[in-house]
Amino acid sequence: MSGVRVLVGTRKGAFVLTSDGKRGGWEVAGPHFGGWEIYHLKGSPADPNRLYAAQSTGWFGQLIQRSNDGGKTWEPVGNKFVYEGEPGTHLWYDGTPRPWEFKRVWHLEPSLTDPDTIYAGVEDAALFRSTDAGQTWEELSGLRCHETGPNWAPGAGGMCLHTIIQDPVDADRMFVAISAAGAFRTDDAGKTWRPVNRGLRSEQIPNPTAEVGHCVHRLAMHPTRPKTLFMQKHWDVMRTDDGGESWREVSGNLPSDFGFPIDVHAHEPETIYVVPIKSDSEHYPPDGKLRVYRSRTGGDEWEPLTKGLPQSDVYLNVLRDAMAVDSLDPCGIYFGTSGGQVYASADAGDRWAPIVRNLPAVLSVEVQTLK
Amino acid sequence: MIRVVLPTHLRKLAQVSGEVQLAVPGQATQRSVLDTLEAAYPMLRGTIRDQVTQQRRPFIRFFASEQDLSNELPDAQLPDAVARGAEPLLVVGAMAGG
């Protein structure tokens, strides 16, 4: 019997939501780590019982938790994140240099093939890797030490590395995204990196087409098409079909092309999902209607998905890591809101229903499809 | 034995209830107490002081015998009542956040 496990990180703890393959009834377990911010938790594709969670507060700093039983029990593992060498400086909001300083882990990305290998995207922006199941962490410093690093600056939420995508075909290739530096790619397993932002245009920076400085909110890839990536930028929805060498805008008829998450249907590589948000200062949906937008054409042409979603007086946000898909058929789509709801659709977005309504503000949603 | 009272979240993390009692070698200072505490409970590393700089985290305070010891030097001797175990060293999460 197949099943689904939804991993939810919130401002005040982690929750594990489980259902069978019909995705009609749900069990809610948690909070785990009550009172702590859980920016992200994710399971290993190679061992679905192996989960990792990023746990932090402003009082007690960063912890990493590991589970070997699908989230029933957890144990703290290594939490020493030290930049390699002399960290140097990046730019602060006012344009002055500021020393790199570790603040928190935003995103955990387990290896596609090894349950003991995991990547961590952190603030201030850097990429770390553990090959011993989270006990120790080493920085892949070629990214932070890129020649453009001293010119990177934070977005409003901090200078965070929030997206990590491993190429399922080429094990040496990986993409990351940093707010507000942009997208970067490695072709040598993380030793060296280069910006891949050609085609992006951001009017909020002095040179709108600069090599770095773009506030990329999220990247998504379908595993069968690793050269095609979709991007929700601060403003604009973009796509590339050449591994980031060039991007083109596919915002099309969206009511707003500002937003945070973007994801791809598990079985249809040209079907993508976004949640339009009114603007960078008004972090809620246009017209007070919670609508997911779906494109079946890889962008440009979008349709609103509203059945089961509130269509009046909605003034909440959906954060960049708070949307995910399962791999059942039909594909399930999930997202969490700053109002504490987690919505699910078991039919690729046609109809929606809340799994839970009153969690703390949701920071992240991940889904595991269990065989 | 030196007595240490941890804030709720750290008691849960360390899986202890009530006070922690530590046999601290040498002089009782913030550094020696925290070194002993972290050796006994490695999951607390990084939660009270930075793992690299060993600086107290900004929202952590140290109180004992009705005194705020937070800004004392790490190697300053703790009050005699703490060293004798008559009073606990309180590790406190500062009031912050409204």
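Sequence order for the protein chains is A and B. Counting with the numbering used here, you get residues 1 to 371 for the letters of the first sequence. Counting with the numbering used here, you get residues 1001 to 1098 for the letters of the second sequence. Beta carbons: idealized from backbone N, C-alpha and C, even for Gly.
- Secondary structure note for Asp-263 (chain A): its beta strand (DSSP E) is the uninterrupted segment 258-264.
- A residue is called buried once 16 or more other Cβ atoms fall within 10 Å of its Cβ, and Asp-167 (chain A) is buried on that count.
- At the C-beta level, Asp-329 (chain A) and His-267 (chain A) come within 8 Å of one another.
- In the assembly as shown, Thr-209 (chain A) is an exposed residue. Its beta-carbon has fewer than 16 other beta-carbons within 10 Å.
- Between Glu-109 (chain A) and Ala-126 (chain A), the gap from beta carbon to beta carbon reaches 8 Å or more.
- The C-beta of Leu-1090 (chain B) comes no closer than 8 Å to any C-beta of chain A.
- Of all residues in the segment 70-101 of chain A, only Pro-76, Asn-79, Lys-80, Val-82 place a beta-carbon less than 7 Å from a beta-carbon of chain B.
- Among the residues facing chain B, Gln-62 (chain A) is included, as its CB has a counterpart in that chain under 8 Å away.
- Every beta strand (DSSP E) stretch that sits fully inside the segment 84-166 of chain A and reaches 3 residues is listed by chain position as 89-91, 97-99, 104-110, 118-123, 126-130, 160-166.
- DSSP lists no bridge partner for Phe-81 (chain A).
- Counting along the chain, the unbroken alpha helix (DSSP H) around Lys-1012 (chain B) starts and ends at 1008-1014.
- From the listed residues A:Phe-33, A:Thr-89, A:Thr-163, the smallest Cα separation to Ser-56 (chain A) is found for A:Phe-33.
- Taking a beta-carbon distance threshold of 8 Å, Trp-59 (chain A) counts as an interface residue toward chain B.
- Judged by DSSP secondary structure, Gln-368 (chain A) falls within the beta strand (DSSP E) whose first and last residues are 362-370.
- Nearest neighbour of Asn-79 (chain A) by Cα position, chosen from A:Phe-128, A:Asp-114, A:Pro-48, turns out to be A:Phe-128.
- In the assembly as shown, Ser-1017 (chain B) is an exposed residue. Its beta-carbon has fewer than 16 other beta-carbons within 10 Å.
- Counting only Cβ-Cβ distances below 7 Å, Gly-35 (chain A) has contacts in chain B at His-1009, in chain order.
- DSSP places Gln-1030 (chain B) within a helical segment (H, G or I) once states are collapsed to three.
- Contact between Val-356 (chain A) and Asp-263 (chain A) is ruled out by a C-beta separation of about 20 Å, above the 8 Å threshold.
- Inside the segment 1037-1065 of chain B, DSSP marks whole beta strand (DSSP E) runs of 3 or more residues at positions 1060-1064, from first to last along the chain.
- Contact note: Arg-1057 (chain B) reaches chain A through Trp-59, Phe-60, Gly-61, using a C-beta cutoff of 8 Å and chain order.
- Ranked by Cα distance from Ser-130 (chain A), the options A:Thr-117, A:Ala-46, A:Thr-224 are led by A:Thr-117.
- Looking at the DSSP output, Lys-22 (chain A) sits in no beta bridge, so it has no partner there.
- Asp-321 (chain A) has A:Ser-364 as its beta-bridge partners, per DSSP.
- The three-state reading of DSSP puts Asp-172 (chain A) in coil, since its state is none of H, G, I, E or B.
- Under the Cβ distance rule, Gln-1051 (chain B) counts among the residues neighbouring chain A, one pair being separated by less than 8 Å.
- Residue-level contact by beta carbon fails for Met-1095 (chain B) and chain A, as no gap is shorter than 8 Å.
- Cβ contact annotation for Glu-27 (chain A) (same chain, cutoff 8 Å, sequence separation greater than five): Leu-17, Thr-18, Ser-19, in chain order.
- Taking 8 Å as the cut-off, the beta carbon of Ser-251 (chain A) is found closer than this to the beta carbon of Val-237 (chain A).
- In this chain, the alpha helix (DSSP H) harbouring Ala-1081 (chain B) covers 1080-1083.
- Excluding its 5 nearest sequence neighbours in each direction, Pro-304 (chain A) has C-beta neighbours in its own chain below 7 Å: Arg-291, Tyr-293, listed in chain order.
- Here Trp-92 (chain A) is actually not in contact with Arg-144 (chain A); their C-beta atoms are around 16 Å apart, not less than 8 Å.
- A distance of 8 Å or more separates the beta carbons of Arg-201 (chain A) and Phe-260 (chain A).
- Contact of Met-1043 (chain B) with chain A by beta-carbon distance below 7 Å involves Pro-76.
- Within chain A, no residue has its beta carbon less than 7 Å from that of Thr-1036 (chain B); the closest one is some 19 Å off.
- The beta carbons of Gly-70 (chain A) and Ile-38 (chain A) sit no closer together than 8 Å.
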